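Chemist: Residue numbers (UniProt numbering): 1 to 934.
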């Protein structure tokens, strides 16, 4: 069997064979909806059916042709969110509603019915700022914010709902089609796939018949839409009027094409729309195959009937129509009303949860390949990083480390001493990541298979037997992770006594979990396979990998008895997950210039891993000649130097729902030019990154947003005003990165072998002054691996503020406590236009210390070195520019027992900090600590 499969899993081809995947016109529910909607049949609200229960307003909707009643429910949810659910009022059987994605039952707010015109219903929140205006005939919902219609639902009349029917086998096919869905009652003989659907050699038998749903949303004056990943497409979503819709259907697409709307590994049915002054979002909670059409109608101005000497003008606002279509389930949609990008991110996280706090090592560099051959290979690669002074944090092992692709095992010939291998990595404070896929090799001697089969833990086929498909091990069955018992059992497999050879530095990689089935339709599982609860696979396909990851993460938490954070990389994902590409690409052999540029770009993205398939040449960073090794080393070391900033950003994402990596428009929502930009992005609010993506580039055009902003080149410290495009000279060692004026970025001043080597190393602060001469930044610090930050408040959260020539380190969260001996040993101030006469530090215990410094007039930079300021305690660094001005300024600040400084930091009481008398006393130091200029 395995010999035959070797041909199936060949990785020779470097481009996807699109013939094995469907486009929209080969998807039956898409054809049905498009054909039916051309008839313009309408739904209407039965206003006499309106009822208000504790948390929602409910009413019936009737299609004028079918007369089958639907039940609509509208909820107000805390945080300016509306929820619309539409289901059959009396379905033949329950329809699938996506569980487990929402963090909990959303907290609702009361919607107050208001008087409306005849034939309408108005629901308002208690503040009255947001309203739902429901028109009865035809059914339409307008979402109104401050008298502006932001979004309209069903304004195009594309509500579509196939009610469940019984297949009468004694009737003719034509009669079945007529009864199955009134929505298709007068169609031609085209195969609409009502009860079965053919694709190639595969026939999808639909036990429940047609059950698709659809609805349109008109977004008023919004022309820039984003989201609905994962597609190898442009950042801004494109119109689909003349081509395929965006497809959300998790698939193993090997060598996918760019600028293509086909579905690939993951699906998140979450769309954002942005315009000047407002951001909104749509979260379509449906896990079945989903298609999204987008059509923008630009604003137009036309002339009304000539009235007198002047013709009246009428302007029609632009609108973008978004048409969602799903194969099954119900309509369950959340409308996120913003109004800012940050608000929309918070609203989405309120529903689905925030970013989990990652272990620190996961933000370092990861080295992976399909496959490292054996323990000696791992040892040699690990030593190669040390020999070439390149930091890294995790070695990864692909499927070949197992015994015949039996997960939770080790190939005894290649990896006879896995614990010893892990102890070698541990000695260098590094980790091991191994792969675990959802398919289980059918083998009566494989204990994992036997136990799962005996307990009925596999997905079943239509006949009720275990589903069987081909993947890496050969013939396999697939664990049904939708079953909580299966997830619990799978989690138990990661316990150290069960997973022989594993240690607490071993973490997981979930792959092939779309799920990938090599000989299945579109390389995945048949849609009529049966899951827990007797649900067909078609209902929940896109959430299968989500459950696999859930079970794996829970297993890693359980093995540490709830003490340690997990790390799980998943290829397939649903709402709440995110994934980034492999350095160097998985397929092919990139040119050295491209490889270097890839490392440079990856160093400034959240996940940083080098990976390659088995058919490529080896790609370890030192294999391309010393010059290229140096360039790759520098890129990786830049990443490690910025780890304090990265970790602080992830904490901010964890507690405040703000993304680590951001499009420019998120930070500059009122700057129109940023709306289409995709060749540069922000890391947090402080760093702008413009990767070099063209070969042999010597100059790149970088747009620096914000007319009132100032930007600093992170390497040369050159200063640029915002609101313009600048030409930046680049060489192969150049990574165009700019720090925003007004920010403080914490860094590590030395780089070790891994993140573990750097926990006690010193910090530096890069203070970039704004046009007003001020800056602010944060540092988050904990042990980097446990949940003690959450359960025991063991963390430090520090705030750095620079104002009136004083840099202040104060607590940003008094709840946290974490002992740290780390010190700030260097402070670099960018944009200081005047040379200081002296610099003095003051700690909260009253101690003061003069500081040696260097000032460069050419770059307007002040460099404070050889400091020893504890990161965990309050202190100040005073930069003396004009003596009398400083005394006047600081005496006014400290006359009180404690006051808020101009930058907004609450300072300790006067006895423990700088006072007017100590200011006068510090003047005696100025003559002995003069500035030295460079």
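All C-beta atoms in this analysis are idealised placements derived from N, C-alpha and C, irrespective of residue type, glycine included.
Bear in mind that the values here come from a model prediction, so they are computed numbers and not experimental data.
Do you know whose CA, among 752, 823 and 860, lies nearest residue 875's CA?
Modeler: Out of 752, 823 and 860, 823 has the C-alpha closest to the C-alpha of residue 875.
Chemist: Let me make sure I understand the geometry here. Which of 449, 763 and 826 has the alpha-carbon closest to that of residue 864?
Modeler: Ranking the options by Cα distance to residue 864, first place goes to 826.
Chemist: Residue 849 by DSSP, collapsed to three states: which one?
Modeler: If DSSP states are grouped into helix, strand and coil, residue 849 belongs with the strands.
Chemist: Let's test the definition: count the other Cβ atoms within 10 Å of the Cβ of residue 483 and tell me whether it reaches 16, buried, or not, exposed.
Modeler: Buried, because 16 or more other Cβ atoms sit within 10 Å of the Cβ of residue 483.
Chemist: Apart from the five residues on each side of it in sequence, which residues of its chain come closer than 8 angstroms, Cβ to Cβ, to residue 433?
Modeler: Cβ within range, chain order: 366, 368, 394, 395, 396, 397, 506, 507, 508, 509, 567 and 569.
Chemist: With a 10 Å radius around its C-beta and 16 neighbouring C-beta atoms as the bar for buried, classify residue 131 as buried or exposed.
Modeler: Flag for residue 131 reads buried.
Chemist: Please list the segments of the alpha helix (DSSP H) lying wholly inside the stretch 774-824, counting only runs of 4 or more residues, in order along the chain.
Modeler: The qualifying runs are 788-791.
Chemist: Do residue 714 and residue 860 have their C-beta atoms within less than 8 angstroms of each other?
Modeler: No, they are not a contact pair.
Chemist: The beta strand (DSSP E) spanning residue 668 covers which residue range?
Modeler: Careful: residue 668 lies outside any beta strand (DSSP E) and carries neither H nor E.
Chemist: Where does residue 421 land, buried or exposed, given buried means 16+ other C-beta within 10 angstroms?
Modeler: Residue 421 should be labelled buried.
Chemist: Using only CA atoms, which one of 128, 216 and 46 lies nearest to residue 155?
Modeler: Per the Cα distances, 216.
Chemist: Is residue 574 near residue 251, with beta carbons less than 8 angstroms apart?
Modeler: No, the pair does not count as a contact, with Cβ atoms beyond the cut-off.
Chemist: Compare the C-beta of residue 803 against all C-beta atoms of chain C and say whether one is closer than 8 angstroms.
Modeler: Structure shown: chain C not included; a single protein chain is present.
Chemist: Can you tell me the Cα-Cα spacing of residue 592 and residue 691, whole angstroms?
Modeler: Taking the straight line joining both Cα atoms gives about 16 angstroms.
Chemist: So is residue 680 buried or exposed if we call it buried at 16+ other beta carbons inside 10 Å?
Modeler: Residue 680 comes out buried.
Chemist: Taking just the CA atoms, how far does residue 391 sit from residue 637?
Modeler: Answer to the nearest angstrom: the Cα atoms are 7 angstroms apart.
Chemist: What three-state label does DSSP hand residue 641 in the structure shown?
Modeler: Here residue 641 sits in helix by DSSP.
Chemist: Taking residue 85 as the reference, give the member of 70, 79 and 99 with the closest Cα.
Modeler: Nearest option by C-alpha distance: 70.
Chemist: Who are the near neighbours of residue 527 in its chain, counting only those whose CB is closer than 6 angstroms to its CB and skipping five residues on each side?
Modeler: For residue 527, where only same-chain residues beyond five positions count, the Cβ hits under 6 angstroms are 204, 537 and 538.
Chemist: Is it buried or exposed for residue 939, if we count other Cβ within 10 angstroms and need 16 for buried?
Modeler: The structure shown does not extend to residue 939, since the chain spans only 1 to 934, so no value can be given for it.
Chemist: Would you check if the stretch 47-66 and the stretch 109-121 touch, i.e. whether three or more CB-CB distances between them fall below 8 angstroms?
Modeler: Flag = yes, the stretch 109-121 and the stretch 47-66 touch.
Chemist: Since residue 711 contacts residue 675 with CB under 8 angstroms, what's their CB separation in whole angstroms?
Modeler: Actually they do not touch by this definition, with Cβ atoms about 19 angstroms apart.
Chemist: Mind checking which residues open and close the beta strand (DSSP E) that includes residue 367?
Modeler: Segment 365-367, the beta strand (DSSP E) holding residue 367.
Chemist: Going straight from the alpha carbon of residue 606 to that of residue 755, what length do you get?
Modeler: If you take the alpha carbons of residue 606 and residue 755, they lie about 15 angstroms apart.
Chemist: Grouping DSSP H, G and I as helix and E and B as strand, with all else coil, what is residue 214?
Modeler: The answer is strand: DSSP assigns residue 214 an E or B state.
Chemist: Compare the C-alpha of residue 46 against each of 64, 352, 36 and 871 and name the closest.
Modeler: Comparing Cα positions, the closest option is 64.
Chemist: Counting along the chain, where does the beta strand (DSSP E) carrying residue 280 start and finish?
Modeler: Residues 278-284.
Chemist: Taking the C-alpha atoms as reference points, what is the distance between residue 533 and residue 92?
Modeler: Taking the straight line from one Cα to the other gives about 16 angstroms.
Chemist: Just the Cα atoms here: how many angstroms apart are residue 320 and residue 222?
Modeler: When rounded, the distance between both Cα atoms is 6 angstroms.
Chemist: Taking DSSP's pairing of strands, which residues face residue 124 in a bridge?
Modeler: Paired residues: 112 and 131.
Chemist: Relative to the alpha-carbon of residue 360, which residue among 201, 643, 294 and 120 has its alpha-carbon at the smallest distance?
Modeler: Residue 360 has its Cα closest to that of 643, out of 201, 643, 294 and 120.
Chemist: First and last residue of the beta strand (DSSP E) that includes residue 881?
Modeler: Unbroken run through residue 881: none, as it is neither H nor E.
Chemist: Let me know the secondary structure DSSP gives residue 469 once reduced to three states.
Modeler: Strand.
Chemist: Going straight from the alpha carbon of residue 356 to that of residue 37, what length do you get?
Modeler: Taking the straight line from one Cα to the other gives about 42 angstroms.
Chemist: Starting from residue 543, trace the beta strand (DSSP E) in both directions and tell me its first and last residue.
Modeler: Looking at the DSSP string, residue 543 is not in any beta strand (DSSP E), and its letter there is neither H nor E.
Chemist: Go through its chain and collect everything with a Cβ distance to residue 327's Cβ below 7 angstroms, but skip five positions before and after it.
Modeler: Here the set comprises 29, 212, 288, 289 and 538.
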